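Asker: In the UniProt record's numbering, the protein residues as written are 1 to 198.
Here a beta-carbon is modelled for each residue, glycine too, at the ideal position from N, C-alpha and C.
Bear in mind the structure is a predicted one, so any value in this text is a computation, not a measurement.
Right, here's the structure in full:
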């Protein structure tokens, strides 16, 4: 007889408003890639007086990606833009898989999946614009944000309640961790490892 397991209260809370089909998709994720502008940020590009570009990232999102890495889920960033800001942010988070100036995001995802011996059913992608649609349509779990155009949201299996750059990525990472029964482990003292940069 299979033992009955009760989810941790935090996992139960995260999953309480998530449909069973979405939970099942999230439970299969072994590799997830995020677009950057509009997903990790709010999509704003701030130019200074001398042409310097700045972006704002959410610390909660960063910590969520680190939590996924610690549970063995591979995390990648794939963006059509290029800049030192993202390189620095990824280094702060310990993310090795960062792909910039990419137009064909499906090709990059395919390469990463092949390296891991995965099919696309184990791959998730979170995007917010037209360039992300092919990747979203190919992956087993497609996620978008409420600040994305409606036709992009309609392509997703699930749309976060929080907008890009304001906790949407953390909402996604918590869902995956909870669906896989991994979120509860972070409530154990000493579970968080590595530096404290989020």
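1) Quick check: the Cα distance between residue 88 and residue 55, rounded to an integer number of angstroms?
2) According to DSSP, is residue 174 helix, strand or coil?
3) At which residue ranges does the region 106 to 138 contain complete beta strand (DSSP E) runs of 3 or more residues, listed in the order of the chain?
4) Per DSSP, what are the beta-bridge partners of residue 85 in this structure?
5) Using DSSP bridges, identify the partner residues of residue 14.
6) Would you please state the rounded distance, in angstroms, between the beta carbons of residue 145 and residue 160? I believe it to be under 8 Å.
7) What residues in its chain sit with their C-beta under 8 Å from that of residue 152, if we drop five residues either side in the sequence?
8) Sorted by chain position, which residues of the same chain lie with C-beta nearer than 6 Å to residue 68's C-beta, five sequence neighbours on each side aside?
9) Between the Cα of residue 94 and those of 188, 65 and 111, spot the shortest distance and give me the residue it belongs to.
10) In angstroms with no decimal places, state the Cα-to-Cα distance between residue 147 and residue 57.
11) Going by CA-CA distance only, name the one from 26, 38, 11 and 19 that's closest to residue 162.
12) Quick check on residue 183: buried or exposed, where buried means 16 or more other Cβ atoms within 10 Å of its Cβ?
13) In angstroms, rounded to a whole number, what distance separates the CA positions of residue 123 and residue 29?
14) If you check the beta carbons only, do residue 24 and residue 178 fall under 9 Å apart?
15) Considering only their Cβ atoms, is the gap separating residue 108 from residue 99 smaller than 9 Å?
16) Is residue 113 buried or exposed, if buried means 16 or more other CB atoms sit within 10 Å of its CB?
Answerer: Reading it off the structure:
1) 12 Å
2) helix
3) 123 to 126
4) Answer by DSSP bridge pairing: none, since residue 85 is not bridged.
5) Paired residues: none, contrary to the question.
6) 5 Å
7) 127, 128, 129, 130, 132, 133, 136 and 144
8) 75 and 173
9) 65
10) 16 Å
11) 38
12) buried
13) 6 Å
14) no
15) yes
16) buried
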